[in-house]
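There are 2 protein chains.
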Amino acid sequence: MREIMTQSSMPTLVHVARLAGVSENTVSRVVRNKGSIADITRERVLAAIQTLGYVPNRAAGSLASSGSFLVGVLLPSLSNVVFPELLEGIHAALRQTSYQALVGVTDYNEEQEEQILSSLLAWRPVAIITAGFDHTAKTRLMLDSSALRVAEVMDIDGEPIDVAVGLSHRMAGYDTGRFLIGRGYRRIGYVGHDWTTDRRARHRYEGLRQALAEAGTSLVDEALAAGPSSATTGREMLGSLLRRQPNLDAVAFSNDDMATGGFFHCLSAGIAVRERLALFGFNGLEIGQALPLPLSTVRSNRFVIGKTAVERLLEHRVRPEDRIVVDTGYEIVEGATA
Amino acid sequence: MREIMTQSSMPTLVHVARLAGVSENTVSRVVRNKGSIADITRERVLAAIQTLGYVPNRAAGSLASSGSFLVGVLLPSLSNVVFPELLEGIHAALRQTSYQALVGVTDYNEEQEEQILSSLLAWRPVAIITAGFDHTAKTRLMLDSSALRVAEVMDIDGEPIDVAVGLSHRMAGYDTGRFLIGRGYRRIGYVGHDWTTDRRARHRYEGLRQALAEAGTSLVDEALAAGPSSATTGREMLGSLLRRQPNLDAVAFSNDDMATGGFFHCLSAGIAVRERLALFGFNGLEIGQALPLPLSTVRSNRFVIGKTAVERLLEHRVRPEDRIVVDTGYEIVEGATA
DNA sequence: GAATTTTATGTTAGCGCTGAGATCGTGGGT
DNA sequence: ACCCACGATCTCAGCGCTAACATAAAATTC
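Residue numbers (the numbering used here), protein chains in the order written: chain A, 40 to 377; chain B, 40 to 377.
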C-alpha cells in the first residue's frame with residue numbers, strides 16, 4: 040500500500056493497466072468482476088491496484104455506463120427519530136450491495152423538495168426513495184415520468200407511483216380506537232401536533248375517529264400543538280386539555296414523544312396513569328418502553344421499511360408494469376398505560 | 040414544463056443548445072452562472088432548459104472539471120440521536136451551497152469504515168467529514184495523504200488531520216465533576232455504556248475522575264453496560280449500582296438517555312431525585328428537559344458542530360498549512376436533578 | 001480613427017471509464 | 001486435417017460535460 044496522491048493525480052485505470060501490463064479494459068473487468076479473466080491476470084491486476092492505491096472513479100463509470108450505483112433518498116427532516124431509523128434500514132440494505140445513498144432533506148418545504156430532487160437527479164440515481172405521498176405537481180411529474188424506480192415509504196394510504204412500503208396509518212389509528220374501546224374507555228381525548236408537516240399523524244387521527252364513531256362514541260376533546268411533536272409539547276398540551284376536560288379517562292397521542300410528555304405531565308400533576316387516565320402513543324420508541332409504566336402504543340418498524348424499500352427497488356432495474364404495495368404492518372403494544 | 044423523458048434519453052446540453060440556437064458551451068456557462076452572457080441569450084437558454092426539463096448531469100460535470108460538489112460524511116451510526124443532529128447541521132449548511140452530502144454509516148466497525156471511505160472517495164468528494172479521531176492506520180493514511188479537506192468532528196481531544204470541530208469531552212466531564220462537588224455531593228457513582236463504541240464517553244469519564252481526584256475524592260462505584268446507551272440500559276444499570284451502593288448521593292451518567300432511564304428507575308423505586316439521589320447526564324436532549332424535574336446535564340450543540348464543519352471546510356478548497364481546531368463549547372444545564 | 005480592451009460566443013480536446021465489437025489462440029468434434 | 005466454439009484479451013468510440021483557447025463584435029482609450 041503506497042501513499043495516495045493528490046486528488047488531481049489519483050491513479051487511473053491507465054496507470055493500473057500499465058503497471059499490470061494489460062489493457063485498460065481488462066483492469067476495468069477485473070474491478071467490476073465482469074467477463075472472464077485468467078486467474079494470473081486477475082492477480083497481477085489486483086496487485087497493481089493495491090500498490091497504486093487505485094480507487095475507481097465512479098463519476099466516470101457512471102457516465103460511461105449510464106448507471107450510477109446511487110439511490111436518492113428524500114426525507115422531510117432528520118429531527119424526528121423515525122427518519123434516521125428509516126435511513127438506517129436503507130443503509131443496512133445498501134451495505135450488501137455496491138450502491139450508496141444520496142440523502143436530501145427537504146425540511147417539509149415543497150419548493151425545497153423540488154429543488155433537492157433536481158440535485159439528486161443530477162447524479163442519475165437508479166432509484167429514489169421518498170417519505171410519503173406528498174409531492175408538488177412538478178415533483179410528482181419528475182418522479183412519475185422519469186424511468187427510475189421510485190419507492191414512497193412510511194405510508195401506504197395512497198396511490199403509489201411505483202412501489203409503496205409502509206403501513207396504513209389510518210388502520211393503525213383505527214386499531215388504536217378499537218383497543219381503547221375494548222378496554223372500556225369512553226371519555227377519550229386526543230393530543231396532537233402540527234398536521235401540515237405530518238400527514239400520517241392526521242391519518243391515524245382519522246382512523247381513530249372512525250373507530251370511535253363505529254362504537255357509537257366520539258372524541259370528547261382534542262388539543263393540537265402548532266409545532267412539531269416533542270415531549271415538552273405533549274406535556275403542555277395534555278395539561279391544557281385536562282384543564283378543559285378534567286374527567287377524561289383516556290388520551291390518544293399523535294406519537295410516543297407526545298405521549299411520553301403526557302406521562303410526565305401526569306407524574307407532575309399526580310394523576311395515576313391508567314387508573315385515572317390512560318395514555319396511548321404511536322411508534323413504539325424505546326423511551327416509551329423504558330417509562331416506569333411501559334407505554335401502550337403501536338409499533339411501526341421504520342428500519343424494516345427502509346430495508347424492504349431498498350430490496351424491492353433493487354430487484355428490478357426497470358419499473359414494472361404493476362404498482363407494488365408492501366404492507367410492513369404494525370403491532371399493538373399493550374404496555375401498562377392503557 | 041414538458042414531460043421528462045426516460046433516464047437514458049434525458050435531454051443533454053446538446054439538446055438545450057440546439058433548441059436555444061447557441062453552442063453547448065454557452066448553455067454550460069448559463070447553467071453554472073460563469074463567464075459573461077448576454078441577457079437575451081441567457082433567457083433563451085433558460086427557456087429551453089425549462090421546456091426540455093433539462094437536469095445537468097453532475098457525473099459528467101464532475102469528470103470534466105475534476106470537482107464534484109460532494110461532501111463525504113462518515114458516521115458510526117444513526118441510532119444515537121447525536122449523529123442525525125450532526126447531519127442536520129451539515130445539511131443545513133450545505134443547503135445554501137450547491138454541494139451535497141454523501142453519507143456512509145460504518146456501524147462502529149473499522150474495516151467497514153475503510154471500505155466505506157473507499158466508496159465515498161470513488162465519487163471524488165471535495166471534503167470528508169468524519170466523527171471522531173478513531174481510524175485504522177489505512178483509513179488515516181487515505182485521509183491524510185489525499186488532498187481533500189477533512190473535518191474530524193464532535194471531539195477536539197486529539198491531533199486533527201486538517202480541521203477538528205467539537206468540544207473537549209474530557210473538559211465537559213471535568214466540569215461535571217466540579218459541578219457535583221460544588222453542589223456538595225461526595226458519594227458519587229457512575230453509570231455508563233460501552234466505551235469501545237463511544238470513546239467520547241470515556242473521555243468524559245476520565246475528566247470526571249480527574250475533577251473528583253483534585254477535590255480529594257473519587258468515584259464510589261460504577262456500573263458499565265455492555266451495549267450501547269439507552270434509557271432502558273440506564274434504568275437497569277442504576278438499579279444494579281444502587282443495589283451495591285445504596286447510599287450514593289449522586290450519579291453521573293454517560294449521557295442523557297442513560298440518565299433519563301436512571302430517572303425512571305428512581306421513579307419506580309420511590310427514590311426522591313436530588314433530595315436523596317442527584318442525577319447528571321450529558322448532551323442536553325429535549326427529553327431530559329421535559330422530565331418532571333429537568334435533567335441536570337451538559338448541552339453540546341451537535342447541529343452547530345455540523346454546520347461549522349461544513350463552513351470551515353468550504354472556506355478553502357485546499358488544505359491549509361495549519362491545522363484548525365474549532366471549539367464549539369458546551370454549557371452546564373443546572374436543571375433540577377443535581 | 002486606429003489601437004486596445006472588454007464582452008459574448010464558438011471550437012476543440014479531453015476527463016476516466018465502459019460497451020461493443022475485433023482479434024487470436026486453444027481445444028473439441030468429426 | 002478442418003471447422004467451430006469459446007475463453008481471454010485488446011481496440012476504439014463515445015458518455016455529457018468543462019477548460020482553454022480562438023474569434024468576432026462592441027466598447028473604450030488616446
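Beta carbons are placed, not taken as given, at the ideal position from N, Cα and C, and that holds for glycine.
Please state whether the Cβ-Cβ distance between residue i and residue j is less than 9 Å.
i        : j        : result
B:Leu318 : B:Phe292 : yes
B:Tyr224 : B:Ala289 : yes
B:Leu160 : B:Ser185 : yes
A:Leu334 : A:Asp295 : yes
B:Arg97  : A:Ala99  : no
A:Pro164 : A:Thr145 : no
A:Glu153 : A:Thr175 : yes
B:Val365 : B:Val112 : no
A:Ala329 : B:Ala270 : yes
B:Val38  : B:Tyr138 : A question about residue 38 of chain B goes unanswered here, because the residues of chain B that appear run from 40 up to 377.
Which residues of chain A have a Cβ atom closer than 7 Å to the Cβ of residue i, listed in chain order?
i        : result
B:Pro95  : Ala161
B:Arg274 : Ala329
Among residues of its own chain, excluding the 5 on either side of residue i, which ones have a beta-carbon nearer than 6 Å to its beta-carbon?
i        : result
A:Leu58  : Ala87
B:Phe342 : Glu124, Glu127, Gly128
B:Ala166 : Val110, Leu187, Arg188, Leu352
A:Gly278 : His304
B:Ala211 : Arg243, Val337, Tyr369
For the alpha helix (DSSP H) containing residue i, name the first residue and the last one.
i        : result
B:Val230 : Per DSSP, B:Val230 belongs to no alpha helix (DSSP H); it is in the beta strand (DSSP E), 227–231.
B:Gln135 : Note, B:Gln135: premise wrong, no alpha helix (DSSP H); not H, not E.
B:Leu332 : Here B:Leu332 belongs to no alpha helix (DSSP H), and DSSP marks it neither H nor E.
A:Gly212 : 208–221
B:Phe71  : In the sequence on display, residue 71 of chain B carries Arg and not Phe. Looking at the DSSP string, the run of the alpha helix (DSSP H) that includes B:Arg71 is 63–71.
B:Glu354 : 341–354
A:Leu114 : From DSSP, A:Leu114 is part of no alpha helix (DSSP H) but of the beta strand (DSSP E) over 109–114.
Who are the near neighbours of residue i in its chain, counting only those whose CB is closer than 7 Å to its CB and skipping five residues on each side?
i        : result
B:Val312 : Phe302, Cys305, Leu318, Leu332, Thr376
A:Thr367 : Val204, Gly205, Leu206, Asn340, Val343, Ile344, Thr347
A:Asp194 : Gly171, Phe172, Gly205, His208, Arg239
B:Val55  : Val66, Val84, Ala87, Ile88, Leu91, Tyr93
A:Arg217 : Ala250
B:Lys73  : none
A:Tyr147 : Pro115, Ser116, Thr236
Exposed or buried, what is residue i when buried is set at 16 or more other beta-carbons lying within 10 Å of its beta-carbon?
i        : result
A:Gly323 : buried
B:Thr272 : buried
B:Glu360 : exposed
B:Glu261 : buried
A:Val357 : exposed
A:Gly309 : exposed
B:Ser307 : exposed
A:Ala265 : exposed
B:Asp78  : exposed
A:Arg274 : buried
A:Val69  : buried
B:Pro285 : exposed
A:Ser62  : exposed
B:Val120 : buried
B:His355 : exposed
Starting from the beta carbon of residue i, find every residue of chain B whose beta carbon is closer than 8 Å, and list them in chain order.
i        : result
A:Ser293 : The premise fails here: A:Ser293 is roughly 15 Å from chain B at the closest Cβ pair, so nothing lies under 8 Å.
A:Thr271 : Glu325, Gln328, Ala329
A:Ser157 : Val94
A:Gly300 : Ala329
Given that residue i touches chain B, what residues does it touch there, using C-beta distances under 9 Å?
i        : result
A:Leu306 : Leu306, Leu330, Pro331
A:His130 : Leu117, Val142, Gly143, Val144, Asp146
Taking Cβ-Cβ distances shorter than 7 Å, what residues in chain B pair up with residue i?
i       : result
A:Ile76 : In chain order: nothing, as chain B lies at least about 21 Å away.
A:Ala99 : Leu102
Is residue i near the ligand MN, judged by its Cβ being under 8 Å from some heavy atom?
i        : result
A:Ser185 : In terms of ligand content, the structure shown is empty, and the ligand MN therefore cannot be addressed.
Can you list, in chain order, the residues of its chain whose CB lies under 8 Å from that of residue i, leaving out five sequence neighbours each side?
i        : result
B:Ile220 : Ala250, Leu251, Ala254, Thr256
B:Ser118 : Pro267
A:Gln151 : Thr145
Note the first and the last residue of the continuous beta strand (DSSP E) segment covering residue i.
i        : result
B:Ile79  : Looking at the DSSP string, B:Ile79 is not in any beta strand (DSSP E); the run it does join, the alpha helix (DSSP H), is 78–91.
A:Thr169 : 166–170
A:Arg188 : 188–194
A:Leu263 : 260–263
Can you pull the chain A neighbours of residue i, defined as C-beta to C-beta under 9 Å?
i        : result
B:Glu127 : Ser116, Leu117, Ser118, Val144
B:Ser107 : Ala98
Find the residues of chain A that neighbour residue i, judging by a C-beta separation of less than 8 Å, and give them in chain order.
i        : result
B:Phe303 : Ala329, Leu330, Pro331
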